[in-house]
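See below for the structure under consideration.
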Amino acid sequence: MQSATRWPDQLPELWSHGAHAYDRTAERLMPQFARDALDIVELRPDDHVLDVATGTGVLALEAAGRGSDVVAIDFAEGMIDQLQRRVRDDGIERVRPVLMDGQNLEFADGTFDLAASQFGVNLFPDRSRGFQEMYRVLRPGGRIVVVTWSAMHRVEPMFAFLEAMQAAETGPPPWDGLPPALSLQDPNDFIAELGDAGFDGATIHRVTHQMTAESADSLWEELKGFIPTITALIDALGAEQAERVGRTFIGILRERYGDGPLAMDCEGLIGVARKPRT
Ligand SMILES: C[S@@+](CC[C@H](N)C(=O)[O-])C[C@H]1O[C@@H](n2cnc3c(N)ncnc32)[C@H](O)[C@@H]1O
């Protein structure tokens, strides 16, 4: 059963509901991180890859394009349906989408050469379990690559949203702790958590890419359906306050970018490590 204290980003039905909107916005930003992740972990074309919390399959599709066979799992049916359609329509044979919770991987020990998760495992309520499961299904000597967000002030659209919420004095979010999206932003914790799961030689790489948008107004419209936590926070405000937050958000970005287009810096952390050979 889902706990009432779960953040919206931890609920499969909300990701399912927003899958189409997610895909439209994510496609402008996420492939850049996926390319970096696969370069840094040095994907080999014959690697058998698992993509955990694949969403609409950004990293899985990139790996398949480089010649790997990929199993792409996600717990949100809407995401998996969307990826199924894409795979079928484009005749992509190397990606197999499967509905599954990343905290309980239904694969035998040692199945994969590479386990990846881009902006996924950082969301799990039990992240250590997520890392342990990725470790378990890797063969000895297999590699993990995990992409997560850096501190909020280094992810410009999120920071502008926070500034707008604070300016409208909306109060703190009703859920405990840091937003899950930002919960793995400390590189030392990141290395320690990979080590706790059994991985060796973890290194963390900072990379920045730009989120583009036609205008501040169009970004605000997109943002409302993009990420479940943001959608839920806006929905909870009521019409008048939501409009005030929207006006402030648009104002902040107009001050920086005028009428547009926008290109906002978003910093991610990419962690790579290896399962020991013995
Ligand atoms: C921010 S999106 C990232 C999607 C994709 N990896 C990308 O880079 O665009 C987060 C994804 O994590 C999935 N997710 C969250 N918790 C999960 C869990 N416990 N098991 C599997 N998927 C999960 C969500 O359904 C959503 O598709």
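Residue numbering for the sequence shown follows this note's numbering, beginning at 53 and increasing consecutively.
Cβ atoms here follow ideal geometry from the backbone N, Cα and C, with glycine treated the same way.
None of these values were measured; they are calculated from a predicted model.
Leaving aside the five residues that flank Q84 on each side, the residues in its chain whose CB is nearer than 6 Å to its CB run, in chain order, H261. For the pair P192 and R329, the CB atoms are nearer than the 7 Å cut-off.
Taking a cut-off of 8 Å on C-beta distances, the stretch 66-82 touches the stretch 271-284, as three or more cross pairs fall below it.
If you compare the alpha carbons of L271, A220, G154 and R195 with that of A254, the shortest gap goes to R195.
The stretch 54-123 contains, as complete alpha helix (DSSP H) runs of 4+ residues, the segments 64-69, 71-78, 82-92 and 110-117 (chain order). By the neighbour-count definition (other C-beta atoms within 10 Å, threshold 16), L230 is an exposed residue. DSSP places D248 within a helical segment (H, G or I) once states are collapsed to three.
Around the beta carbon of E208, a 10 Å sphere encloses 16 or more other beta carbons of the protein chains shown; the residue is thus reported as buried. With fewer than 16 other beta carbons inside 10 angstroms of its own, T264 counts as exposed. Measuring C-alpha to C-alpha distances from A128 to each of Q155, P64 and R308 identifies P64 as the nearest. Partner residues in the beta bridge of A265, as assigned by DSSP, are L314. Taking the Cα of V147 as reference, the smallest distance to any Cα among Q155, G119, F159 and R299 is reached at G119. Approximately 4 Å separates the beta-carbon atoms of D75 and T108; this is inside 8 Å, confirming the contact. In the DSSP assignment, A294 falls within the unbroken alpha helix (DSSP H) covering A291 to Y309. With a threshold of 16 other beta carbon atoms within 10 Å, S180 falls short and is exposed.
S169 and V198 do touch by the CB rule: their CB atoms are close to 5 Å apart, below 8 Å. The C-beta of P232 has 16 or more other C-beta atoms within 10 Å across all chains shown, which makes the residue buried.
G194 carries a strand assignment under DSSP once its states are collapsed to helix, strand and coil. L321 places its beta carbon less than 7 Å from that of I256. No heavy atom of ligand 1 is found nearer than 6 Å to the CB of F159. Counting along the chain, the unbroken alpha helix (DSSP H) around Q136 starts and ends at E129 to D141.
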